[in-house]
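S.K.: Protein chains in written order, with the numbering used here: chain A, 82 to 337; chain B, 82 to 337.
2 protein chains.
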Amino acid sequence: MMELQRQQTPEPRLRNGAFNGQFQPLPAPAPGKLLERCRESQALIERHLPFTRRVLHAGNPVQSARTPFSTLHLVHFGAVKTLVAAADGSSHVAGFHLKGDWVGFDGMISGECACDAYAMDTSEIWSLRYALVLQAAAQVPGLLHALHVAMSGQMAREREWRMALATLPADARLADFLRCWAHWLMQRELRADHVTLRLTRAEIGNYLGMTLETVSRSFSRLALLGLVAFDSKGRRNFAIPDVQALVAFVDARGDS
Amino acid sequence: MMELQRQQTPEPRLRNGAFNGQFQPLPAPAPGKLLERCRESQALIERHLPFTRRVLHAGNPVQSARTPFSTLHLVHFGAVKTLVAAADGSSHVAGFHLKGDWVGFDGMISGECACDAYAMDTSEIWSLRYALVLQAAAQVPGLLHALHVAMSGQMAREREWRMALATLPADARLADFLRCWAHWLMQRELRADHVTLRLTRAEIGNYLGMTLETVSRSFSRLALLGLVAFDSKGRRNFAIPDVQALVAFVDARGDS
DNA sequence: CGATGTGTTGACCGGGTTCAAACAATGTGG
DNA sequence: CCACATTGTTTGAACCCGGTCAACACATCG
């Protein structure tokens, strides 16, 4: 299992921020309202709620499916992926949760967690008991609103992906996926060169509704177009030289 | 504090080429339970919140995109569809909201409504000001939880549809769609014969990520298999003789 | 009546799946 | 250290589902 290898550099931020500036500096670091809002709500939580901090490493579980729902998890930094198990033993990628995202909303409807969640990278997770959140919400309305905004955002993203699957051909779909990650990196005030996707082609394809072969082929085509630049380090390491070009490619639905 | 030891249970990996797992159609739909919960939360609202009742007819707007977000809408009975406008003027079906569903969550993230919503049929809509909901939530925690459950449910449905688009072929996709409506009818304690879909083939296809021609063809194939029985009244009126057979068809991903 | 919107069906073609082979990266045990 | 297995990635070739274009049926409505 490749995730289980030990991190030599415990702080992924430094690795990603490595500077060898042959790529153009990104158009606008876009510190963004999102990051600001994320900070605000985390400050609210820190002030008004008891929670536990956990530092997890790639592959460690955040929550397990079929356990009773009681706590919500906030990704303070790092990345988490959620999987739903199918009857035949295979599992499907349900979603990705990055810095500022919450994990565990899906348990509220049925009373038990609907999916397994794993850290994809060294991550810090804040876990809050839902009952205490409700309790604190009575005193701090801003906290409640922050929670709702997070839920609303997750809903909107889910819907956008559904529409992307319904409308975009394979290449544009992968490009859109990469655009999301680039976006996230830029929100963290990092650069979009040296992206390291800790995902197999099969997992990407599973999420995007295509086979691993098609993912591989689409990657090759995007590289041919110069939209991604593979690193010599391996096929999971690459740079995104021009995020705007990627956006344009998605908007054109891959007609280029 | 830092949990440096490795996790004993490695995360399950996807099999090679695995996107052949099936997504689960809601374990034990619990026909009565949802309706019960729906009734409960509506009782809570009726008792603790001021709201406006509107009876709308097919085509009437519930909310408009780009207007400031201030109110949430609860479908007391009837059906609502939401549309998002694309840059080129075309619009995409964002979702359907039936009895007990809420409309308007998507406005919380950006502060303005993200989509247009129209009644698909004669419907009663309860509209609540979000600020008042927050206010009342401080006194009535059950109300807040009901809201969260509704949001969680919508998120889960959105995700399930995304997975359906990613995994199911056209016929099974349409079957799954019909299964949802049949389900809803049964929740309302009605029968699943004489379904009347107030949707064009193009709208269905738009939602399901396929062309109207494919929708038509899939309908014909389902009718040939006896999974739906068209009424003489027109091609939008039909019966679903055996919902279980429909479920089985979806689970088999259309291999029948 | 023609006009318009909607639904159905056929023929054709292309993007993506499937099957298959080979390669690369990594780990394991002798 | 190498031989070997394992897992992940790439690429090729053939097939097929679903998109595209087109013609036609059927309804409602002016």
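Every residue, glycine too, gets a C-beta built ideally from N, C-alpha and C.
#1: My guess is that residue 211 (chain B) and residue 140 (chain B) are in contact by the Cβ rule of under 8 Å, so how many angstroms apart are they, rounded?
#2: Please classify residue 413 (chain A) as buried or exposed, where buried requires at least 16 other C-beta atoms within 10 Å of its C-beta.
#3: Please state whether the Cβ-Cβ distance between residue 159 (chain A) and residue 202 (chain A) is less than 9 Å.
#4: Could you give the uninterrupted runs of the alpha helix (DSSP H) lying entirely in the segment 174–252 of chain A, keeping only those of 4 residues or more?
#5: Which residues of the segment 296–315 of chain A have a Cβ closer than 7 Å to any Cβ of chain B? Give them in chain order.
#6: Count Cβ pairs between the segment 287–300 of chain A and the segment 211–227 of chain A that sit closer than 8 Å; are there 3 or more?
#7: Touch check for the segment 214–231 of chain B and the segment 297–309 of chain B: three-plus C-beta pairs under 8 Å?
#8: Quickly, what does DSSP pair residue 152 (chain B) with across the bridge? List them, please.
#9: Is residue 178 (chain A) close to chain B? Criterion is C-beta to C-beta, closer than 9 Å.
#10: Could you give the distance in angstroms between the alpha-carbon of residue 173 (chain B) and the alpha-carbon of residue 236 (chain B)?
#11: If we count the other Cβ atoms within 10 Å of its Cβ and call it buried at 16 or more, is residue 154 (chain B) buried or exposed?
#12: Closer than 9 Å, CB to CB, is residue 246 (chain A) near chain B or not?
#13: Considering only the alpha carbon of each residue, which of A:146, A:192, A:120 lies closest to residue 227 (chain A)?
#14: Measure from the C-beta of residue 128 (chain A) to each C-beta in chain B and report whether the shortest distance is under 9 Å.
#15: What residues of chain B sit near residue 329 (chain A), judged by a beta carbon separation below 7 Å?
#16: Within the 9 Å Cβ cut-off, does residue 332 (chain A) reach chain B?
#17: Please compile the residues from chain A whose C-beta is within a distance smaller than 7 Å of the C-beta of residue 51 (chain B).
#18: Should residue 256 (chain B) and residue 335 (chain B) be called a contact, given that it needs their Cβ atoms to be closer than 9 Å?
#19: Helix, strand or coil for residue 318 (chain A) per DSSP?
#20: Confirm, please, whether the CB-CB distance from residue 300 (chain B) to residue 316 (chain B) is below 9 Å.
#21: Kindly indicate which residue of A:283, A:259, A:285, A:281 has the alpha-carbon position closest to the one of residue 273 (chain A).
#22: Going by DSSP, what residue range makes up the alpha helix (DSSP H) through residue 359 (chain A)?
#23: Need the endpoints of the beta strand (DSSP E) that residue 135 (chain B) sits in, please.
#24: For residue 233 (chain A), go through chain B and note every residue whose CB falls closer than 7 Å to its CB, in chain order.
#25: Report yes if the C-beta distance between residue 195 (chain A) and residue 161 (chain A) is below 9 Å; otherwise report no.
#26: Using a C-beta to C-beta distance shorter than 7 Å, which residues of chain B count as neighbours of residue 181 (chain A)?
#27: How far does the alpha helix (DSSP H) with residue 296 (chain A) in it extend, from its first residue to its last?
#28: Going by CA-CA distance only, name the one from A:312, A:151, A:324, A:264 that's closest to residue 189 (chain A).
#29: Relative to chain B, which residues along the segment 156–173 of chain A have a C-beta separation below 8 Å, given in chain order?
#30: How many angstroms separate the CA atom of residue 128 (chain B) from the CA atom of residue 277 (chain A)?
#31: Could you tell me which chain B residues have their CB closer than 7 Å to the CB of residue 230 (chain A), listed as they occur along the chain?
#32: Straight-line CA distance for residue 249 (chain A) to residue 327 (chain A)?
#33: From residue 231 (chain B) to residue 288 (chain B), what distance separates their C-alpha atoms?
#34: What is the rounded straight-line gap between the Cα of residue 149 (chain B) and the Cα of residue 122 (chain A)?
#35: Buried or exposed: where does residue 197 (chain B) fall if 16 or more other Cβ atoms within 10 Å of its Cβ makes it buried?
M.R.: In short, the structure shows the following:
#1: Not quite, the Cβ-Cβ distance comes to about 26 Å (not below 8 Å), so this is no contact.
#2: Given a span of 82 to 337 for chain A in the structure shown, any question on residue 413 (chain A) remains unanswerable.
#3: yes
#4: 188–191, 211–220, 222–248
#5: Across the segment 296–315 of chain A, no CB contact with chain B closer than 7 Å is found for any residue.
#6: no
#7: no
#8: B:210
#9: For residue 178 (chain A), the nearest beta carbon of chain B is not closer than 9 Å to its own beta carbon.
#10: 18 Å
#11: For residue 154 (chain B), the number of other beta carbons within 10 angstroms of its own is at least 16, and it is reported as buried.
#12: yes
#13: A:120
#14: no
#15: By Cβ distance, chain B contributes nothing, its closest Cβ being about 13 Å from residue 329 (chain A), past 7 Å.
#16: yes
#17: Here chain B comprises residues numbered 82 to 337, so residue 51 (chain B) is not present and cannot be evaluated.
#18: yes
#19: strand
#20: yes
#21: A:259
#22: An answer regarding residue 359 (chain A) cannot be provided, because it is not within the stretch 82 to 337 covered by chain A.
#23: 133–137
#24: Result: 186, 187, 189, 190.
#25: no
#26: Under the 7 Å cutoff, chain B gives no residues; its nearest Cβ is about 12 Å from residue 181 (chain A).
#27: 293–305
#28: A:151
#29: Of all residues in the segment 156–173 of chain A, 164, 165, 166, 167, 168, 169, 170, 171, 172, 173 have a Cβ within less than 8 Å of some Cβ in chain B.
#30: 53 Å
#31: 189, 190
#32: 14 Å
#33: The straight-line gap from Cα to Cα measures roughly 21 Å.
#34: 22 Å
#35: buried
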